[in-house]
Structure formats: structure tokens, C-alpha cells
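Residue numbers (the numbering used here), protein chains in the order written: chain A, 1 to 310; chain B, 1001 to 1310.
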């Protein structure tokens, strides 16, 4: 099964209560592809970077089985740069600087072998670009998953809604679900969003876990792993998305039951990312660690049903 | 198995974004006893009220199997009164008025048949009184569970810590865990609290569920049921505690595995309470509704372990 990932590849400079970094590698597509790479072998990334982007990172992605033909390196241009500072609660942050640079002309091409991918993950990106890449595919994937953020709700709501109407799974956080619908209750927000197109909605609640909804009012609640320290939340949502779509791709099963498992896998991947700055943790994981982490989630929520239902 | 509940019985006046009430019956012990009564038959309540308190409510408790001999009605005095207003997020509230009244001399006696209870639930109350009632028991219960709140951390921290050192299970909310320890991370806060005496800690996170910790670093995460509307959160924490200790009492099993189930039962009971103002929902529940609600929690978090662990 093949997976195509479209999204930003970037530099980030991050400050958290635990420290700060200079420019390090970030970007939605980077986290998604790295996270998915622990579950699927056949994936490709579509993005643009400047000639300041380290070849070393491109090689690392390649070594993890990610096809990088669609990662366009633009000579004489600079990579997208974001800088942010997290508040003490680690749930809110201020953007310190945004330099779009090479993102202003996001003209990367989908590699030939990935124009009919089985699965498509649209990382957070200008919704016009998300729409363009959906339309460029030669056939409809089995599942299209899309992430977005409040920024696009503020400035490109109309085209964003067009994209949302075309995807199967939308992933947003709780505040974005409220912003998109005007509903405070996440259950009401979910119902409203699911009436606009997507078959499934995942609402990410950071340290409080994630909710998976379908159109038949089914709900699944995946916890976040309680951690001693959340070192750097950057990329947690993207790592979640990567684990989710990676697991779905590897199992080739888009049933609700399998999506539950995929949400747990996504939560496990996100729990790694926040342990270190940037993509560091996702670059060095071992398969066994991933398995153990998923098992930690099992014991975190598992209780004996028969006795309760008794 | 017998359960003794000590705590306030009160009048509340509540304002939420959905409406407001005049004086209605409230109080920690009221919610705890009502909630527990769906799981255990042999319970008693210890509290004080004024002669303005409705006999009808006392009769209702009696009809639900709660021994009310220890509910002292003080002639010529008025029942404790609390009035509060919830903010739009329903997680924060302002106290509008507090009239301690009869609480100033909380001298209710434990009914003779309940001086060696199998289980003791100390609802939120002046920690000096909590200590007094622990000491008045003729034998150590199998499990002592205690609830408290930030108010006592602010004004009676020393005696509060003495009580905490004597109980088996402490239930507090996330902000209180942070206040008590100075740790933002709930995992770190839990470790610190569990070093001060209790064998188990339950951190209640409102709409985000509850965490159960033991001294061996085991964690269990119970979700809250995602609801379309939280109508009135008053008493949710007490209903949780009542469901928890009611289930433990009825099963007479204080293993960690059974506590997980008890946390789910507590969460189910709390999810009823918030659907209406005050104790209304807890007074009219049917056993079948309770069972169905617990099953909803099962399907909310259940996923197929074998395939994930694969």
C-alpha cells in the first residue's frame, strides 16, 4: 500500500520553559513522514525547501523509506521558517516570527509512482494547495486525511471548507473545532463538521488525548500518555497524523474499529515527539520502543469489561 | 459491606450559561450518598443541617437505602448555603455567596451501627473534622477515601496534610494537585502526593476524565463521556466519588484492577449529574440507565488489543 504526504518542510526555532533551539528541522510533512515511516515502507513526500536545507535530513528521510523525489529544492531560495515560544502550560504558544520564503511558490510535483496513491495525507498547508494536490491525483485514494489550523479558518475559510468537503478524515484541535463551528461543545461541533463532508473527525486535545467521531455518532476516546515532562509540543499533532495514516496504510483497513487502533498508534507516536526538541526523538526510535509505547496505551485504558457490564 | 459517608449537606444556588436556580439541595455528602446508593445498600451519612432543610430530601435518602440517623437537624439554625456562577467554559466558577451557618458547629454523631464501617468516604469538609471522624471510628476501615479542595490548601494546609497521610485514596482535581505540590506535570504531582501517605491518587480533570495512580507508578486513564451539553457541573466530583466508593463497597475488592472499574463507574455517575441542575438526575435514575451508561464508557475506550500489540 502506498502513502503520499503533502505539507511543509521547514526550519523552526523553538523556545519552551525547558530551553530553546536555534534553527532546527521541522515542518508538518517532515513529522508526518518520519512518524508514518515506523509503520509503512512505501511513502513519498511532496514539499518545497530552499538550498539552505540540509541534504542530511533529506537522506535521513530516504533511509527511512520515504521517497523524496517530490521534495523540491529551490536554488537561491530559503526554506520556510517559523519561530515560536510556548507558555508555561505548554498548550498555548506565541508565534515570534514567520518567514514564508520558498512557500510563496509551492510548486513541487508529485513523483510519478505516487500519482495514484492508496492513501493521501494532507498536512497543514494553504487549503488552495491542498485542493490542487487532491485534484492532481490520477485516481481517488482509499482515504484522504487532512490537517489544518486556525490560521486558515481566519483568512481562507471558503476554500478551506471546499477542501474539508472533499476529504474523508479531518484532524483539528479542540479550539479549532470550536472556531470552525461556533459551538463550545465538542460533540455538537463534531456533528456540525461531519455534516459538511468528512466521514470521520479527529479532535486533538493535546495532553487530554483525542476524540474520533463518525457520522453515526460513534465516539472513541484515546488518552494521551501522562508524561513527567512535555519538553516540546511542536510537531505532536503532525506525529499523531503520521502514526494514524501510517497504521491505516500498513493495515489497508479503513473500518472504524481499525481507525480506533490508528488513533492509539498516532497518540503513541505523538508521545515520543514531545520528549525532545523537534524531530530528534522520531529520528532515533527503535521498533521495539514503538511497540512498548503502544502497549503502555493498552494498559493505560484497559479495564475488564465483563465485570463492569455485570 | 457497609459504607459511611461524612460531608456537607447544603443548599446551593447555581447559575450556569443555561439558567439559574433558587436554593436547591446540594452538598458533597448528598451527592456522594445518592450516587453510591445505585451500587450499595448498606450506607449511612453523617452531616448537619438546619431546621430549614426539607424533610422530603431526608426521606428520599432513606428510601434509597441511606441511613440518615447521623444527619443532625439543628433546631433554630440554618443549613449551609453556597451560591456560585459558572463561566462559559463550565470548568471555572466564581463563588457568589457562602453562608456557613450550621457548619460552624459540625457535631453530628456516627450512627451506632456504622462505627466500624467497612468503607469510609470523607467528602470535602474542614480537614479537622475529617480527622476527628477518622479517629472516632472503632476500627480501621478497609479503605478510606477522601476528597478535599483548594480552599483547605489555602487556609489549613498543615492539618490537611495530616489527614492526607492517613487515608488510602485521595481525590482532587488537576488544579488542586498542582497547588498542593507546586508541580505542573500531573505525573510528577502524583508521585509527590503518593509519597505523603495515600496508596492511591485520583486526579479529576472534569470534561477530560480522571487519572488513577498507585505507588508503583501504575496509571489508569478514565475518559469523561463526551456530552452535547454540560448543564450544571455542581456535584460532578462528589458523584464521581460516590460511584467510586459505592462500587468498591459493593464488590468488596480494593485491588488496582477493581479500582479501575470503580473509576469508570464514578465517571458514569458524574456524567448523569451534569445533565441537570443539582441532584435532580441522581434522584430519578433507573438501574438500567446506569448499566447502559457504563457500557457507553466501555465502547468509548475499548479497542482490540491483540491487533495493536501485534
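Even for Gly, the Cβ is constructed at its ideal location relative to N, Cα and C.
Nothing here was measured: the structure is a model prediction, and the numbers come from that model.
Applying a beta-carbon distance threshold of less than 8 Å, which residues of chain A neighbour residue i?
i, result
"residue 1018 of chain B", "Ordered by position in chain A, no residue passes the 8 Å Cβ test against residue 1018 of chain B, which lies about 11 Å from the chain."
Just the Cα atoms here: how many angstroms apart are residue i and residue j?
i, j, result
"residue 65 of chain A", "residue 35 of chain A", "12 Å"
"residue 57 of chain A", "residue 255 of chain A", "34 Å"
"residue 1141 of chain B", "residue 1120 of chain B", "6 Å"
"residue 1125 of chain B", "residue 1008 of chain B", "7 Å"
"residue 1239 of chain B", "residue 1259 of chain B", "16 Å"
"residue 1292 of chain B", "residue 18 of chain A", "45 Å"
"residue 233 of chain A", "residue 1197 of chain B", "33 Å"
"residue 229 of chain A", "residue 1225 of chain B", "27 Å"
"residue 97 of chain A", "residue 87 of chain A", "16 Å"
"residue 130 of chain A", "residue 178 of chain A", "22 Å"
"residue 1123 of chain B", "residue 1188 of chain B", "25 Å"
"residue 52 of chain A", "residue 117 of chain A", "30 Å"
"residue 1173 of chain B", "residue 1089 of chain B", "16 Å"
"residue 223 of chain A", "residue 1223 of chain B", "7 Å"
"residue 319 of chain A", "residue 24 of chain A", "A query on residue 319 of chain A cannot be resolved here, the shown segment of chain A reaching from 1 to 310 and no further."
"residue 1272 of chain B", "residue 231 of chain A", "37 Å"
"residue 1108 of chain B", "residue 275 of chain A", "51 Å"
"residue 1049 of chain B", "residue 1287 of chain B", "29 Å"
"residue 1079 of chain B", "residue 1282 of chain B", "21 Å"
"residue 1217 of chain B", "residue 301 of chain A", "15 Å"
"residue 1105 of chain B", "residue 1047 of chain B", "11 Å"
"residue 253 of chain A", "residue 1 of chain A", "11 Å"
"residue 227 of chain A", "residue 1054 of chain B", "47 Å"
Give me, in chain order, the residues of the same chain whose beta-carbon lies closer than 6 Å to that of residue i; leave out the 5 immediate sequence neighbours on both sides.
i, result
"residue 1040 of chain B", "1003, 1246, 1249 and 1250"
"residue 290 of chain A", "38"
"residue 243 of chain A", "35, 265, 266 and 269"
"residue 91 of chain A", "206"
"residue 1201 of chain B", "1170, 1190, 1193, 1194 and 1213"
"residue 1144 of chain B", "1120, 1167 and 1168"
"residue 203 of chain A", "174, 177, 186 and 211"
"residue 133 of chain A", "6"
"residue 315 of chain A", "Any property of residue 315 of chain A remains undetermined from this structure, which presents chain A solely from 1 to 310."
"residue 103 of chain A", "80"
"residue 1016 of chain B", "1086 and 1232"
Find the residues of chain A that neighbour residue i, judging by a C-beta separation of less than 7 Å, and give them in chain order.
i, result
"residue 1091 of chain B", "Going along chain A, no residue has its Cβ under 7 Å from residue 1091 of chain B, so there is no contact; the nearest lies around 11 Å."
Mind listing the chain A neighbours of residue i? Cutoff is C-beta to C-beta under 9 Å, in chain order.
i, result
"residue 1311 of chain B", "The requested residue 1311 of chain B is not part of the displayed model; chain B covers only 1001 to 1310."
Starting from the beta carbon of residue i, find every residue of chain B whose beta carbon is closer than 7 Å, and list them in chain order.
i, result
"residue 300 of chain A", "1219, 1220 and 1221"
"residue 257 of chain A", "1304"
According to DSSP, what are the bridge partners of residue i?
i, result
"residue 202 of chain A", "A/171 and A/212"
"residue 1163 of chain B", "For residue 1163 of chain B, which the question treats as bridged, DSSP gives no partner whatsoever."
"residue 1012 of chain B", "B/1024 and B/1082"
"residue 95 of chain A", "A/84"
"residue 67 of chain A", "A/44"
"residue 1112 of chain B", "Residue 1112 of chain B is not bridged to any residue."
"residue 147 of chain A", "A/171"
"residue 288 of chain A", "In the DSSP output, where bridge partners are listed per residue, residue 288 of chain A has none listed."
"residue 1119 of chain B", "B/1003 and B/1143"
"residue 1221 of chain B", "B/1211"
"residue 1072 of chain B", "B/1048"
"residue 19 of chain A", "A/16"
Apart from the five residues on each side of it in sequence, which residues of its chain come closer than 8 Å, Cβ to Cβ, to residue i?
i, result
"residue 1257 of chain B", "none"
"residue 1068 of chain B", "1044, 1045, 1058, 1061 and 1062"
"residue 1127 of chain B", "1148, 1152, 1156, 1159, 1160, 1162 and 1163"
"residue 1297 of chain B", "1222, 1223, 1225, 1264, 1267 and 1268"
"residue 1022 of chain B", "1013"
"residue 100 of chain A", "80"
"residue 1199 of chain B", "1168, 1169, 1214 and 1215"
Using a Cβ-Cβ cutoff of less than 7 Å, which residues in the same chain neighbour residue i once the five nearest sequence positions on both sides are dropped?
i, result
"residue 1094 of chain B", "1084 and 1085"
"residue 115 of chain A", "137 and 138"
"residue 1032 of chain B", "1005, 1007, 1121, 1123, 1238, 1241 and 1242"
"residue 1261 of chain B", "1247"
"residue 1076 of chain B", "1051"
"residue 294 of chain A", "264, 265 and 268"
Sorry if obvious, but does the Cβ on residue i come closer than 8 Å to a heavy atom of the ligand NAD?
i, result
"residue 63 of chain A", "This structure lacks the ligand NAD; in fact it carries no ligand of any kind."
What are the residues of the region 1160–1174 of chain B that lie near chain A, defined by any Cβ-Cβ distance shorter than 7 Å?
So the list is empty, because no residue satisfies the distance condition.
Interface positions of the region 1172–1197 of chain B facing chain A (Cβ-Cβ less than 9 Å), listed along the chain:
Within the region 1172–1197 of chain B, the residues whose Cβ lies closer than 9 Å to some Cβ of chain A are 1184, 1185, 1186, 1187, 1188, 1190 and 1191, listed in chain order.
Mind checking the region 205–223 of chain A against chain B and listing, in chain order, the residues whose C-beta falls within less than 9 Å of any C-beta there?
205, 207, 208, 209, 211, 213, 218, 219, 220, 221, 222 and 223
What are the residues in the region 223–248 of chain A lying within 7 Å of chain B by C-beta distance?
Result list: 223, 226, 227, 228 and 229.
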